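Novice: Here it is, the structure in full.
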Amino acid sequence: MGFAKYQEDIVSRFVNDTLMHQPSVPVSRQRPGTATAPTPPTASQPQKGNPKMSSLKKFAVPTPRPLPVIILADVSGSMSEDGKIEALNAALKDMIKTFTKESRLRAEIQVGVITFGGEAAQWHLPLAAAHSVPDLTELTADGMTPMGAAFSLALELLEDKDRIPSRAFRPVLVLLSDGQPNDDWEGPFQALCASERAQKATRLAMAIGADADEDMLRDFPNHIEAPLFKGHNARDIYRFLKAVTMTVTKRSTDTDPNQEDVFVVLPPDDDDKILDLDFD
Numbered sequence: 001m002g003f004a005k006y007q008e009d010i011v012s013r014f015v016n017d018t019l020m021h022q023p024s025v026p027v028s029r030q031r032p033g034t035a036t037a038p039t040p041p042t043a044s045q046p047q048k049g050n051p052k053m054s055s056l057k058k059f060a061v062p063t064p065r066p067l068p069v070i071i072l073a074d075v076s077g078s079m080s081e082d083g084k085i086e087a088l089n090a091a092l093k094d095m096i097k098t099f100t101k102e103s104r105l106r107a108e109i110q111v112g113v114i115t116f117g118g119e120a121a122q123w124h125l126p127l128a129a130a131h132s133v134p135d136l137t138e139l140t141a142d143g144m145t146p147m148g149a150a151f152s153l154a155l156e157l158l159e160d161k162d163r164i165p166s167r168a169f170r171p172v173l174v175l176l177s178d179g180q181p182n183d184d185w186e187g188p189f190q191a192l193c194a195s196e197r198a199q200k201a202t203r204l205a206m207a208i209g210a211d212a213d214e215d216m217l218r219d220f221p222n223h224i225e226a227p228l229f230k231g232h233n234a235r236d237i238y239r240f241l242k243a244v245t246m247t248v249t250k251r252s253t254d255t256d257p258n259q260e261d262v263f264v265v266l267p268p269d270d271d272d273k274i275l276d277l278d279f280d
């Protein structure tokens, strides 16, 4: 055997031996005109979508839920006596200022003021987020005590799910009066108290002076620790609304602002911390 023939035989054996020991690779048979199926992604290949966006959603800050505070304020002519309307104005301004400074992580405190005096009740301050309220226009006292009309406005607001959505925390209704209602108040009062939303709301009330209708006002509150408050002078109005402010701000930062909270009662020696007004 010549050298060339010997070399050719060696190469042939090596190639045949290699082919015999290689794993067989299936040949894809595809009909003409058919689409090729996509290759499924392997573990090293990323799936479709943006994993970073999914991770960010887990840490997204939730939108705070509204916590409405609705004040029903008597501005009849008798409120102009003994500094009562001045105390009410000062207390409301301080209330809004305090609410503005509160954290809005869980709850966004909203404030609305309904006044009843003269011949009608009206929205002195339509319900709005406290931090968006400009300087409150001062209340003025004049005329009669159309309290029933104020109850109707409050009920209309509570039943309006556009202004107070279902996701809102329990509203707070605060009623202050120093006199007797002189309109047809019984029907609106009963309708308000019978409303499912008003029953879920926290309702607080203060009777100011000896001429207030305590029998009617006593039926308004529903807080187990806060029955009807009695104010004897203008300073008591300020103290009462300051206590309401502190109670609401505490609720707004609780783990569950819907839970019934303890009503904050100011100690007797807290007078030094109250704005020095002419409350004689």
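Here the sequence shown is numbered in full-length UniProt numbering, starting from 1 and rising by one per residue. Think of the CB as a built atom: it goes at the ideal place given N, C-alpha and C, for glycine as much as any other residue. Bear in mind that the values here come from a model prediction, so they are computed numbers and not experimental data.
Grab me the residues of Val-113's own chain with a C-beta within less than 7 Å of its C-beta, minus the 5 sequence neighbours each way, in chain order.
Specialist: Same-chain partners within the cutoff: Ile-71, Ala-73, Leu-92, His-124, Leu-125.
Novice: Answer with buried or exposed for Ile-96, where buried requires no fewer than 16 other C-beta atoms within 10 angstroms of its C-beta.
Specialist: Per the 10 Å Cβ criterion, buried.
Novice: Distance check for Ala-194 and Met-147, CA to CA, integer angstroms please.
Specialist: Their backbone Cα atoms lie some 17 Å apart in a straight line.
Novice: Who are the Cβ neighbours of Gly-118 in its own chain at under 6 Å, not counting the five residues just before and after it?
Specialist: The residues are Asp-142, Gly-143.
Novice: What is the rounded straight-line gap between the Cα of Leu-88 and the Cα of Gly-209?
Specialist: Spanning the two alpha carbons is a distance of roughly 14 Å.
Novice: With DSSP run on the structure shown, which of helix, strand or coil describes Lys-230?
Specialist: Strand, per DSSP.
Novice: Indicate whether the contact test is met: 3 or more Cβ pairs, each with one atom in the stretch 210-223 and one in the stretch 167-185, closer than 8 Å.
Specialist: The stretch 210-223, when compared against the stretch 167-185, does touch it at the 8 Å Cβ threshold.
Novice: Where does Val-133 sit, in a helix, a strand or coil, going by DSSP?
Specialist: Coil.
Novice: Going by other Cβ atoms of all chains shown within 10 Å of its Cβ, with 16 needed for buried, is Thr-253 buried or exposed?
Specialist: The residue in question, Thr-253, is exposed, as its Cβ has fewer than 16 Cβ neighbours within 10 Å.
Novice: Check whether the Cβ atoms of Leu-153 and Ala-198 sit closer than 8 Å, and answer yes or no.
Specialist: Result no, Cβ atoms of Leu-153 and Ala-198 do not sit closer than 8 Å.
Novice: If Asp-82 and Ala-205 are in contact, beta carbons under 8 Å, what's the gap, nearest whole angstrom?
Specialist: Not confirmed; about 20 Å, so no contact.
Novice: Of all the options Pro-68, Thr-63, Pro-64, which has the alpha carbon lying nearest to the alpha carbon of Ala-201?
Specialist: Nearest option by C-alpha distance: Pro-68.
Novice: Where does the unbroken alpha helix (DSSP H) through Glu-108 begin, and where does it stop?
Specialist: Taken as a continuous stretch (DSSP letters only), Glu-108 belongs to no alpha helix (DSSP H), being part of the beta strand (DSSP E) at 107-117.
Novice: Alpha carbon to alpha carbon, how far is Ala-90 from Tyr-238? Give it in angstroms, no decimals.
Specialist: One C-alpha to the other measures close to 7 Å.
Novice: How many angstroms separate the CA atom of Ser-80 from the CA atom of Pro-62?
Specialist: Taking the straight line joining both Cα atoms gives about 45 Å.
Novice: Mapping DSSP to helix, strand and coil, what is Val-244?
Specialist: If DSSP states are grouped into helix, strand and coil, Val-244 belongs with the helices.
Novice: Return the bridge partner residues of Pro-68 from the DSSP annotation.
Specialist: Answer is Gln-110.
Novice: Would you call Arg-251 buried or exposed, if buried means 16 or more other Cβ atoms sit within 10 Å of its Cβ?
Specialist: It is buried - the Cβ of Arg-251 has at least 16 other Cβ atoms within 10 Å.
Novice: Return the first residue and the last residue of the alpha helix (DSSP H) that Ser-80 is part of.
Specialist: From DSSP, Ser-80 is part of no alpha helix (DSSP H); its letter is neither H nor E.
Novice: Would Leu-105 be called buried (16 or more neighbouring beta carbons within 10 Å of its own) or exposed?
Specialist: By the neighbour-count rule (16 or more Cβ atoms within 10 Å), Leu-105 is not buried but exposed.
Novice: What is the DSSP secondary structure of Asp-256, counted as helix, strand or coil?
Specialist: Coil at Asp-256, not helix or strand.
Novice: With Val-111 and Val-133 assumed to form a contact (beta carbons below 8 Å), what rounded beta-carbon distance in angstroms separates them?
Specialist: Their Cβ separation, rounded to whole angstroms, is 6 Å, which keeps Val-111 and Val-133 in contact under 8 Å.
Novice: What three-state label does DSSP hand Ile-208 in the structure shown?
Specialist: Looking at Ile-208 - three-state DSSP - the assignment turns out to be strand.
Novice: Quick one: give me the first and last residue of the beta strand (DSSP E) that Leu-175 is part of.
Specialist: Where Leu-175 is concerned, the enclosing beta strand (DSSP E) stretches over 172-177.
Novice: In this structure, what does DSSP give as the bridge partners for Arg-203?
Specialist: Paired residues: Leu-173.
Novice: What is the residue span of the alpha helix (DSSP H) that residue 294 lies within?
Specialist: This structure gives no information on residue 294, because the portion of the chain shown stretches from 1 to 280.
Novice: Determine whether the beta carbon atoms of Phe-116 and Ile-109 lie at a separation below 8 Å.
Specialist: Their beta carbons are not under 8 Å apart, which means Phe-116 does not touch Ile-109 by this criterion.
Novice: Would you mind reading off the limits of the alpha helix (DSSP H) that contains Thr-98?
Specialist: 84-101 is the extent of the alpha helix (DSSP H) around Thr-98.
Novice: For the alpha helix (DSSP H) holding Pro-188, just list the boundary residues, first then last.
Specialist: 186-194 is the extent of the alpha helix (DSSP H) around Pro-188.
Novice: Mapping DSSP to helix, strand and coil, what is Asp-236?
Specialist: If DSSP states are grouped into helix, strand and coil, Asp-236 belongs with the helices.
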